[in-house]
Amino acid sequence: MQHLPGGLMPGSKSIVTRLILVITLSSSLIFALTLGYNYYQSRIILEKELENNARNLAMSLVNKVESELVSVSKVTEGVARSLETGRYSEQELHSLIRNTVAGNAGIYGSCVAYEPYAFSRTNRLYAPYYYRENGTIKLIRLETSYKNLPYLYWDWYQIPRELGKSEWSEPYYDEGGGNTLMSTCSVPFYEEHGGVRRLKGIVGADITLDSLTELVSSVKILKTGYAALLSRNGMILAHPLKGAIMNETFFSIAESRQEASLREIGKRMIRGESGFVFYRSLVGVRSWMYYAPILTTGWTLAVVFPESELLEHVRTLSMTMAVMGFGGILLLTIAVVSLARSITKPLRSLVAATKLMGSGNFDVELPAVISNDEVGVLTNSFRLMVTSLKEYIKNLTETTAAKERIQSELKVATDIQASLLPRLFPAFPDRPEFDIYASMDPAKEVGGDFYDFFFIDHHNLCFLIADVADKGVPAALYMMVAKTLLKSEGQRLGEPDLILSYVNNILATDNDSCMFATVFCAILDTRTGEVRFANAGHNPPLIMTSAGIQYLAVQSGFVLGPIQDIVYKTESITLQAGDTLFLYTDGVTEAKNPGEELYGESRLLHALQCAPKEELCDLIHYIRSEVRAHAHGAPQSDDVTMVALKYRGTVADA
Amino acid sequence: MNIQTSKESSAMVVKVTGRLDAVTAPEYEQQFTALITGGETRFVVDFEKLDYISSAGLRVLLAMAKQIKAKSGQIHLANIGGAVREVFDISGFGSIFPMHESVISALNATAG
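So the protein lines, in turn, are chains A and B. In terms of numbering that gives the first Met the number 0, the first sequence opens at residue 0 and continues consecutively. In terms of numbering that gives the first Met the number 0, the second sequence opens at residue 0 and continues consecutively.
See the structure below:
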């Protein structure tokens, strides 16, 4: 198979590959951008949503805690006011405290602690404390149970006493009292004595941190989210991380983690602000936190949402979208591949068909046109081209055949024309008085030049050279007529002028195309060497004598053929033994080389001087080869004809 | 070959430049026939710029002259020199066509 130029076989840059690359890549890009944007936007929306939810959740928790605390405060307040207004015996006092604890599930324990000697003049301190233990309510006397420090110096007693108003204590471990982590609501109560208002004691009601933690953690926040409670100074009061409770503050954690932002958040909490922040939680999880103050105690409640859990839905959605998108792109790729294949399939068939056609088979089956798309149009055009090509080749074959026929006919014509001219040399081997030699090379298959020689009688040899105007078939036809007439009239009339005049009149009849021939006609008397000649417009011949070479002075008559009644004149010259007459047509002197330079008369004269003169055959072949050498490959534009006649004299002369 | 024509009062002057041979003869014949068909009968052919004339050229020259003669017209040749003159002399055409030294004298001859 012939080597095909590159690009015919689909390579890495085929339509299919390019389509897949472009479409798949661009749709992937679009999809990725969309997905990313969606994720980003969902996150923003979710964050806003989350802030609201977090705030609501935190506020409701705050309310819950707050109402719990307020209810305890109110009960405590009520006890204090009762003690101020009523007179209670010791027994009545005990039953009041006991009932307070029993009647309020949120209160862990309650006490009434008196100022020194305020309850009785005999006992300096008096502080009965009722609290829950194992489902029953027990009594303990704080003035005796506090081993290390009298109750007077405990925060829950001292601070409201000094401030003169009710107060929630910071959480503490009530060692010797309730023996648990708690916060106490303390309310001072007074007595009026002679217009003087004097502090009588402090009513306290406790809540355990456990109950608060329970309350706070009763709210379920997502899966791993939680609520936390921090005290006024950042101490952790309620947190899923039990170990941190009462052991760590927000600041101690910030310190150990070297996180300034965490400390900043802690400061804000202490100032009683609320806010929504993104941070790393105490358990080390990236989370969102909403914090709000509990006004009653000055504590802070925080609601924490782990980020991963929060974005779980978005992540799941994005993953689903990604899977769907990937599937979509896969589907798209398959669609593109099949589309591209369906487009290129007829193209591939076309390529195969073209290869077959290239090898000369035009009866190739072309792919059927299914749709009128570009490929269909191409196929149709291709089909049209094949038809045209077939037609063209058929015509070409016919034309070639016709041309070949004409060529072969012309070849026959060439042979016929050549056979008309005397070709056998020596032409008259039995006549030693003279030599004659001639040649004619037509420029085309057939020519317009001709020569002839024949005896009129035993002594007179007629010889002539002629050039029909133009070349080719018209000239050849005219030549046939002229030559035939010249021979028949020549033999009949025997004088050059008469021959030319007669033939001219015959040719001039009905010669509308004005075809003509130039003819030099001469008759040699072999006995004397006299040459009688007449000229019908032909270029004069050369005479080569021992003295040299020169043109024969010839009167030029009008060309033969176009006009009737032309009168020609016979002139004569006598040849000496050894003299040669050289007749030629202008095809010799007008032979051109590739530079359009004519061979010319001077070159001809020079060549004749150099030529071998003994044998005319050599002479003429020498001149012919000289002319050919001059042409140097340039196409022959005119017939080249030469006739040479050498007079050798009579036998007697010799 | 190039042919320029100019209409003078007494004749159509046809100026032929270049070569008049087998290749260019048909064009000469065509242009001349058009002029004759167009009604022109008197011609002066200026051969001053003609470099070469072949037998085919002579043939169309003669054929055109015959057509003009058939319409009782005249054809005069002017400024024939050099190689062309030689051809005219050898072929005897010089004795058939009236030849003039200049276009003006040829025009005068047609007017007369």
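Glycine included, C-beta positions come from ideal geometry on N, C-alpha and C.
Coil, strand or helix - A:Met-0 by DSSP: The residue labelled residue 0 of chain A in the question sits at position 1 within the first sequence. Unreliable placement is indicated for A:Met-0, whose pLDDT of 41 sits below 50; the coordinate value is still reported in the next sentence. Look at A:Met-0 here: in three-state DSSP terms it is coil, with no helix or strand label.
Interface partners of B:Lys-68 on chain A, CB under 7 Å: For the purposes of this step, residue 68 of chain B is taken as the residue at position 69 of the second sequence. Correct list: empty, because the minimum Cβ distance to chain A is about 10 Å.
Any C-beta of chain B under 8 Å from that of A:Val-642: Counting from one through the first sequence, the residue named residue 642 of chain A turns up at place 643. It does not; no Cβ of chain B falls within 8 Å.
7 Å Cβ cut-off: residues of chain B touching A:Val-502: Mapped onto the first sequence, residue 502 of chain A falls at position 503. Those within 7 Å of A:Val-502 in chain B number zero; the least Cβ separation is about 15 Å.
B:Phe-46 (DSSP reduced to helix, strand or coil): Along the second sequence, one-based indexing puts residue 46 of chain B at 47. Here B:Phe-46 sits in coil by DSSP.
Chain B within 8 Å of A:Met-514, Cβ atoms only: For the purposes of this step, residue 514 of chain A is identified with residue 515 of the first sequence, where counting begins at 1. Chain B, which has a Cβ nearer than 8 Å to the Cβ of A:Met-514, makes this yes.
Which listed residue (A:Glu-408, A:Val-302, A:Val-376) has its alpha carbon closest to that of A:Val-368: Counted from its first residue, the first sequence places residue 368 of chain A at position 369. Per the Cα distances, A:Val-376.
Contacting residues, own chain, Cβ-Cβ under 6 Å from A:Ala-226 (five flanking each side not counted): Within the first sequence, residue 226 of chain A is the residue found at index 227, counting from 1. The answer, listed in chain order, is Leu-60, Val-215, Val-218, Val-302.
A:Thr-517 at chain B interface by Cβ criterion, 8 Å: As a position in the first sequence, residue 517 of chain A is number 518, starting the count at 1. It does: the Cβ of A:Thr-517 has a partner Cβ on chain B nearer than 8 Å.
Cross-chain neighbours of A:Ala-468 in chain B, by beta carbon under 7 Å: Your numbering for residue 468 of chain A matches position 469 in the first sequence. Going along chain B in sequence order, the residues near A:Ala-468 (Cβ under 7 Å) are Ser-54, Ala-55, Leu-57, Arg-58.
Rounded separation between A:Leu-395 and B:Val-59 - CA only: Position 396 of the first sequence holds residue 395 of chain A. Position 60 of the second sequence holds residue 59 of chain B. About 35 Å.
Best match in A:Asp-638, A:Pro-561, A:Ser-636, A:Gln-635 for proximity to B:Gln-66 [C-alpha to C-alpha]: For the purposes of this step, residue 66 of chain B is taken as residue 67 along the second sequence, with counting starting at 1. Checked all of A:Asp-638, A:Pro-561, A:Ser-636, A:Gln-635; the closest Cα to B:Gln-66 is A:Pro-561.
Buried/exposed call for A:Asp-469, threshold 16 Cβ in 10 Å: By one-based count along the first sequence, residue 469 of chain A stands at place 470. By the C-beta density criterion, A:Asp-469 is buried, having at least 16 other C-beta atoms within 10 angstroms.
Start-to-end residues for the alpha helix (DSSP H) that takes in A:Leu-620: The residue you call residue 620 of chain A lines up with position 621 of the first sequence. According to the sequence shown, residue 620 of chain A is His rather than Leu. That run of the alpha helix (DSSP H) goes 615 to 630.
Contacts that A:Pro-634 makes with chain B (C-beta to C-beta distance below 9 Å): In the first sequence, residue 634 of chain A corresponds to position 635, counting from 1. Residues of chain B passing the Cβ test: none, with the nearest at roughly 12 Å.
Neighbour flag for B:Leu-61 against chain A, beta carbons, 8 Å: On the second sequence, position 62 is the one that residue 61 of chain B refers to. At least one chain A Cβ lies under 8 Å of B:Leu-61.
Backbone CA spacing between A:Leu-244 and A:Leu-162 [nearest angstrom]: Residue numbering aside, residue 244 of chain A sits at position 245 when the first sequence is read from its first letter. Residue numbering aside, residue 162 of chain A sits at position 163 when the first sequence is read from its first letter. First, the amino acid is wrong: residue 244 of chain A is Ile here, not Leu. One C-alpha to the other measures close to 28 Å.
Listed by chain order, chain A residues near B:Ala-21 by CB distance under 7 Å: Residue 21 of chain B sits at position 22 when you count from the first residue of the second sequence. Here the neighbours are Asp-469, Lys-470.
Residue range of the beta strand (DSSP E) that includes A:Leu-138: As a working mapping, residue 138 of chain A is identified with position 139 in the first sequence. For A:Leu-138, the enclosing beta strand (DSSP E) has its first and last residue at 135 to 140.
Cα-Cα separation, A:Ile-235 to A:Ser-255: Position 236 of the first sequence holds residue 235 of chain A. Position 256 of the first sequence holds residue 255 of chain A. If I take the Cα positions, the gap works out to 15 Å.
Expected contact under 8 Å - CB spacing of B:Val-86 and B:Phe-46 to nearest Å: Position 87 of the second sequence, counting from 1, holds the residue named residue 86 of chain B. Position 47 of the second sequence, counting from 1, holds the residue named residue 46 of chain B. Between B:Phe-46 and B:Val-86 the Cβ distance is about 11 Å, and since that is not below 8 Å, they are no contact.
Interfacial residues, the region 78 to 91 of chain B to chain A, with Cβ spacing under 7 Å: Asp-88, Ile-89, Ser-90, Gly-91
Within-8 Å CB hit, A:Ile-369 to chain B: Translated into the one-based positions of the first sequence, residue 369 of chain A becomes position 370. No, its Cβ sits nowhere closer than 8 Å to a Cβ of chain B.
Cutoff 8 Å: B:Ile-74 Cβ touching any chain A Cβ: For the purposes of this step, residue 74 of chain B is taken as residue 75 along the second sequence, with counting starting at 1. It does not: the Cβ of B:Ile-74 has no partner Cβ on chain A nearer than 8 Å.
Own chain residues within Cβ distance below 8 Å of B:Glu-28, not counting five before or after: In the second sequence, counting from the first residue as 1, residue 28 of chain B sits at position 29. Excluding sequence neighbours, B:Glu-28 sits near Val-59, Ala-62, Met-63.
Same chain, Cβ closer than 6 Å to A:Ala-339, neighbours up to 5 away in sequence not counted: Start at 1 with the first residue of the first sequence, and residue 339 of chain A comes out as number 340. The residues are Ile-14, Val-15, Leu-18.
Chain A contact for B:Ser-94 (CB, 8 Å cutoff): Sequence index remark: in the second sequence, residue 94 of chain B carries index 95 (1-based). So yes, B:Ser-94 belongs to the interface.
Continuous beta strand (DSSP E) stretch holding A:Ser-286: start and end: By one-based count along the first sequence, residue 286 of chain A stands at place 287. Start and end: 285 to 293.
Neighbourhood of B:Thr-118 by C-beta, 8 Å cutoff - its chain only, sequence neighbours within 5 removed: Chain B is shown from 0 up to 111; residue 118 of chain B falls before or after that span and cannot be answered.
Backbone CA spacing between A:Asp-578 and A:Val-558 [nearest angstrom]: The residue you call residue 578 of chain A lines up with position 579 of the first sequence. The residue you call residue 558 of chain A lines up with position 559 of the first sequence. Distance between the alpha carbons of A:Asp-578 and A:Val-558: 28 Å.
Residue-chain proximity (A:Phe-557, chain B), Cβ-Cβ < 8 Å: Stepping through the first sequence from its first residue, residue 557 of chain A is reached at position 558. Yes, A:Phe-557 lies at the interface with chain B (some Cβ there is under 8 Å from its Cβ).
Nonlocal neighbours in the same chain, by C-beta distance under 6 Å from B:Asn-78, ignoring five residues either side: Taking the first residue of the second sequence as position 1, residue 78 of chain B is located at position 79. Asp-45, Phe-46, Glu-47.
A:Leu-148, buried or exposed, once every other Cβ within 10 Å from all chains shown has been counted against 16: Taking the first sequence and counting its residues from 1, the one referred to as residue 148 of chain A is at position 149. Exposed, since its Cβ has fewer than 16 Cβ neighbours within 10 Å.
For A:Glu-667, the nearest candidate out of A:Ala-546, A:Leu-82, A:Thr-143, A:Tyr-289 (CA to CA): In the structure displayed, chain A extends from 0 to 653; residue 667 of chain A sits before or after that span and is not available.
A:Tyr-38 versus A:Lys-63 - alpha carbon distance: For the purposes of this step, residue 38 of chain A is identified with residue 39 of the first sequence, where counting begins at 1. For the purposes of this step, residue 63 of chain A is identified with residue 64 of the first sequence, where counting begins at 1. Approximately 36 Å between the Cα atoms of the pair.
Straight-line gap, A:Tyr-172 to A:Cys-110 (C-alpha atoms, nearest Å): For this step, residue 172 of chain A is matched to residue 173 along the first sequence. For this step, residue 110 of chain A is matched to residue 111 along the first sequence. In a straight line, the C-alpha of A:Tyr-172 is about 16 Å away from that of A:Cys-110.
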